[in-house]
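Single-structure report; data block below.
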Amino acid sequence: MKPTALPRYCHASSSRLVAVPVQKNILAVRHMSLIPPRAQEPVPFFTPPFKPPMGYTPKGYPVSFGIPNGKGKGREPGMPQDEEEVDDREWEIRSGRAMLHLRSTLPHFFDHDQSAATLFPPEIFSQHVTFKISHPIPLKISSLGGYSMAFAIARNGMQALHSDLSTSLERMTFNATPKDLISQSSAPSSLIASKRPVPAHRYRQIRVQVAVRGTVRLPPHHEAVWKTSSLYTLSPLTGRIISHEVESIRPLPGEGVAEWLKTRLLGWTSAQKDHENLPNIPCPRAEAVPVRASATRHKLTDARVAAKYLQDRRDGE
Numbered sequence: 071m072k073p074t075a076l077p078r079y080c081h082a083s084s085s086r087l088v089a090v091p092v093q094k095n096i097l098a099v100r101h102m103s104l105i106p107p108r109a110q111e112p113v114p115f116f117t118p119p120f121k122p123p124m125g126y127t128p129k130g131y132p133v134s135f136g137i138p139n140g141k142g143k144g145r146e147p148g149m150p151q152d153e154e155e156v157d158d159r160e161w162e163i164r165s166g167r168a169m170l171h172l173r174s175t176l177p178h179f180f181d182h183d184q185s186a187a188t189l190f191p192p193e194i195f196s197q198h199v200t201f202k203i204s205h206p207i208p209l210k211i212s213s214l215g216g217y218s219m220a221f222a223i224a225r226n227g228m229q230a231l232h233s234d235l236s237t238s239l240e241r242m243t244f245n246a247t248p249k250d251l252i253s254q255s256s257a258p259s260s261l262i263a264s265k266r267p268v269p270a271h272r273y274r275q276i277r278v279q280v281a282v283r284g285t286v287r288l289p290p291h292h293e294a295v296w297k298t299s300s301l302y303t304l305s306p307l308t309g310r311i312i313s314h315e316v317e318s319i320r321p322l323p324g325e326g327v328a329e330w331l332k333t334r335l336l337g338w339t340s341a342q343k344d345h346e347n348l349p350n351i352p353c354p355r356a357e358a359v360p361v362r363a364s365a366t367r368h369k370l371t372d373a374r375v376a377a378k379y380l381q382d383r384r385d386g387e
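Laid out in structure tokens, this is it:
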């Protein structure tokens with residue numbers, strides 16, 4: 071049976087449409103907005119307040135922006151501006167200023183009005199100052215920002231565990247630094263970059279002994295005293311402080327808290343005076359153990375058997 075022919079309007083009308091080729095470049099530049107955006111200009115990585123590296127000038131900034139020309143008087147190639155070498159007179163002034171600063175700020179270390187900018191000014195401390203401590207936590211920091219942050223954390227931690235904190239400067243000495251201690255590994259970048267010989271009288275150190283007193287917040291709220299010894303090293307080139315090493319802390323911070331936890335939780339302490347107040351408890355092995363009745367009965371039975379055996383043997387002989 072021949073199928074009924076369909077009307078023409080029922081057939082597909084795709085043949086009547088004209089295929090218009092789509093341009094690829096139109097799709098590539100199509101945007102969500104009717105206003106096409108402008109081409110994004112390259113932004114330099116080193117923008118204010120960051121300084122560009124040596125020999126790089128960002129586009130749109132003057133040549134003198136943050137780039138030392140290296141032609142200043144007494145400046146070595148590749149030496150930072152804050153590590154320039156100064157003459158003997160300026161070096162003596164800076165070293166004396168560092169001693170006066172330590173003498174005036176260390177007794178007020180725990181005062182609330184003392185900020186990081188007041189305690190660690192860039193005129194006294196180098197931007198590459200190195201801080202070393204061995205106990206209670208081995209730590210080494212090589213920047214002024216990290217140095218001030220570490221002291222802020224230590225001060226806040228001490229104030230959280232103790233009250234009425236105060237410091238007193240007991241002793242300060244100004245002595246020479248042995249040359250063998252200043253090696254290439256521990257010397258700052260300014261000493262390595264400089265080719266000039268450094269005079270021997272510029273190797274100086276400041277040793278400071280400070281006593282810290284406070285009251286423990288935990289009971290029994292007794293007064294605690296710490297003795298600290300620190301060594302500050304002055305830069306032979308600039309006269310600023312380039313190293314601070316904490317030599318000793320006696321006793322270590324936190325020992326009172328550990329002793330309190332032992333006493334409260336475990337019920338014992340390592341202090342000698344507490345051992346003297348404890349009652350004398352004799353060792354169980356030092357006393358005679360009472361004989362039980364069953365053991366006595368067995369001993370009597372064994373003795374009777376032995377006596378009867380000896381009597382029977384005598385009768386047989």
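Just add 70 to the spot in the sequence shown (first one is 1) and you have the working numbering. Note that the Cβ used here is the ideal one computed from N, Cα and C, for glycine as well.
Cβ pair residue i, residue j closer than 8 Å
i: arginine 274; j: serine 299; result: no
i: serine 233; j: phenylalanine 180; result: no
i: leucine 170; j: valine 280; result: no
i: valine 316; j: tryptophan 296; result: no
i: arginine 310; j: arginine 164; result: yes
i: valine 156; j: isoleucine 312; result: no
Which residues DSSP lists as bridging residue i, in chain order
i: leucine 209; result: Ile203
i: alanine 294; result: Gly284
i: arginine 274; result: Ala246
i: tyrosine 302; result: Ile276 and His314
Nearest residue (CA-CA) to residue i, options the options
i: asparagine 226; options: Glu193, Arg241 and Ser185; result: Ser185
i: aspartate 158; options: Met242, Ile223 and Ser305; result: Ser305
i: valine 268; options: Tyr217, Trp161 and Leu380; result: Trp161
i: proline 289; options: Leu231, Gly166, His271 and Pro321; result: Leu231
i: glutamate 193; options: Ile211, Gly166, Ser238 and Pro208; result: Gly166
i: threonine 303; options: Ala246, Asp385 and Arg374; result: Ala246
i: histidine 178; options: His271, Ser238, Phe244 and Thr243; result: Ser238
i: glutamate 153; options: Leu307, His292 and Phe190; result: Leu307
i: methionine 228; options: Arg320, Asp382 and Thr285; result: Thr285
i: tyrosine 217; options: Ala224, Pro321 and Phe201; result: Phe201
i: alanine 187; options: Pro208, Phe221 and Ser212; result: Phe221
i: leucine 322; options: Ser196, His205, Ala224 and Leu189; result: His205
i: serine 196; options: Ile207, Pro208 and His314; result: His314
i: phenylalanine 190; options: Ile207, Ile203, His182 and Leu172; result: Leu172
i: methionine 242; options: Ile223, Ser174 and His292; result: Ser174
i: alanine 224; options: Leu301, Arg272, Glu240 and Ile203; result: Ile203
i: histidine 271; options: Phe244, His291, Asp385 and Glu293; result: Phe244
i: proline 208; options: His291, Gly215 and Ile319; result: Ile319
Simplified DSSP state of residue i, which is helix, strand or coil
i: glycine 166; result: helix
i: valine 156; result: coil
i: valine 316; result: strand
i: phenylalanine 195; result: strand
i: glutamine 307; result: The sequence as given places leucine at residue 307; glutamine does not occur at that position. Residue state, collapsed to three classes: coil.
i: aspartate 385; result: helix
i: histidine 232; result: strand
i: glycine 227; result: helix
i: leucine 239; result: strand
i: proline 177; result: helix
i: phenylalanine 221; result: helix
i: valine 375; result: helix
i: leucine 380; result: helix
i: histidine 171; result: helix
i: leucine 189; result: helix
i: leucine 322; result: coil
i: valine 268; result: coil
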